[in-house]
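In this note's numbering, the protein residues as written are 9 to 65.
All remarks here apply to the structure that follows.
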């Protein structure tokens, strides 16, 4: 099993910045994983960065 690389100190990634984003899931949206939904909704975010943010709380 491979581990997700820690990108917190990777110079290829910009530093993490805390920001508040409000999203409204439209009625009738089919169930899907949160990281997948957010990656599809937030154009500048990668699933890896979203997963790291979710894990960090």
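From the three backbone atoms N, C-alpha and C, an ideal C-beta is built for every residue, glycine too.
{"Item": "Coarse secondary structure for residue 32, derived from DSSP in three states", "Value": "coil"}
{"Item": "Residue range of the alpha helix (DSSP H) that includes residue 59", "Value": "55-64"}
{"Item": "Residue interval of the alpha helix (DSSP H) (run including residue 43)", "Value": "42-49"}
{"Item": "C-beta atoms of residue 42 and residue 62 nearer than 8 Å", "Value": "yes"}
{"Item": "For residue 21 and residue 78, the rounded distance between their alpha carbons", "Value": "Summary: the structure shown does not reach residue 78, with the chain confined to residues 9 through 65, and so no result is reported for it."}
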